[in-house]
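Undergrad: If you want the numbering used here, it's the position in the sequence shown, counting the first as 1, plus 1105.
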Amino acid sequence: MARYRLHCVGASGNSFKVALFLSCAGLDWEPVGVDFAGGETRSPDWRATTNVMGEVPVLEIDGRQMSQSGAILLWLAETHGVFAPTHKETFETARWLLFDNHKFTGNFAPHRFQRCFMPEPAHPAVLAFLRARTESAFSIVDRHLSDRRFILGDRPTIVDFSLLGYLYYPAEETGFDLAATFPAIDAWRRRVAELPGWKPPYEMMPVGNSPPLHLHLWKRKR
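1) Compute the Euclidean distance between the alpha carbons of PHE1218 and ASP1167, then round it to the nearest angstrom.
2) Output the distance between the C-alpha atoms of SER1267 and GLY1186, rounded to the nearest integer angstrom.
3) Are the segment 1226-1246 and the segment 1140-1160 touching by the rule of at least three beta carbon pairs closer than 8 angstroms?
4) From the DSSP secondary-structure annotation, give me the bridge partner or partners of ARG1169.
5) Starting from TRP1134, follow its DSSP beta bridges and name the residues at the other end.
6) Is DSSP giving PHE1196 helix, strand or coil here?
7) Once DSSP output is grouped into helix, strand and coil, what is the label at PHE1222?
8) Which same chain residues, not among the five before or five after ALA1107, have their C-beta less than 6 angstroms away from its C-beta?
9) With respect to the alpha helix (DSSP H) encompassing ASP1291, which residues constitute its N-terminal and C-terminal limits?
10) Rounded to the nearest angstrom, what separates THR1262 and THR1184 at their Cα positions?
11) Which residues share a DSSP beta bridge with PHE1209?
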């Protein structure tokens, strides 16, 4: 059995944040599939034994189970000294991790879910609202990356893994052509994809039961 077991599902960008760190850091880990589409994370038994918050990812090590991707990344970086921010970067790390969860991933992930994982098309006003908020957050990061290689400077850190969690899913799912609209973000994600151990999300986590894509339904009724 691997040292780390990551309870996850292929479609979860929050899971991918942790999986990407584990893989690029060269740590011994394995993905453990979760029946997300079947409601496993909502079951009382799963919440009692795995994560009371009812979410993935969950990182398991030596009988301990940790949740929330940002907290997991902080713990892994501190534990292994890999992709860790310096002491001087502590504030900026917290600032960007909170921005990611509140604005960046916080808007992009719901937009993707509403766009292609709902059995019926989301209301156009809902998608427009989420897309506008996503574009606003993306514009902030794109400008920030216009004169630097990674979020905190010249080297990748956990901040990059956090913000990039959902940016490697297909444009057919996300509805964003990053190369055309946010070139600095696109160049940044390509730089991170050059790290040893990088794989796209569905290849990195070929486990679990993700919600079925409903792009055909969305396109037909839009």
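Idealized CB from N, CA, C, for every residue including glycine.
TA: Let's see:
1) Taking the first residue of the sequence shown as position 1, residue 1218 is located at position 113. Taking the first residue of the sequence shown as position 1, residue 1167 is located at position 62. In a straight line, the C-alpha of PHE1218 is about 33 angstroms away from that of ASP1167.
2) Within the sequence shown, residue 1267 is the residue found at index 162, counting from 1. Within the sequence shown, residue 1186 is the residue found at index 81, counting from 1. Between SER1267 and GLY1186, the C-alpha separation is close to 17 angstroms.
3) no
4) By 1-based counting over the sequence shown, the position of residue 1169 is 64. Its beta-bridge partners are ILE1166.
5) Counting from one through the sequence shown, the residue named residue 1134 turns up at place 29. BP columns for TRP1134 point to TYR1109.
6) What you label residue 1196 is simply residue 91 of the sequence shown in a count that begins at 1. Three-state DSSP puts PHE1196 in a helix.
7) As a first step, residue 1222 must be located in the sequence shown, where it is residue number 117. DSSP, reduced to helix, strand and coil, places PHE1222 outside both helices and strands of the structure shown, so it counts as coil.
8) One-based indexing of the sequence shown puts residue 1107 at position 2. Within the same chain, ALA1107 has close Cβ partners ASP1133, TRP1134 and GLU1135.
9) For this step, residue 1291 is matched to residue 186 along the sequence shown. Run containing ASP1291: 1288-1297, per the alpha helix (DSSP H) assignment.
10) On the sequence shown, residue 1262 is found 157 positions in, with the first residue counted as 1. On the sequence shown, residue 1184 is found 79 positions in, with the first residue counted as 1. Going by the C-alpha atoms only, they are around 14 angstroms apart.
11) Looking up residue 1209 in the sequence shown gives position 104. None; PHE1209 has no bridge partner.
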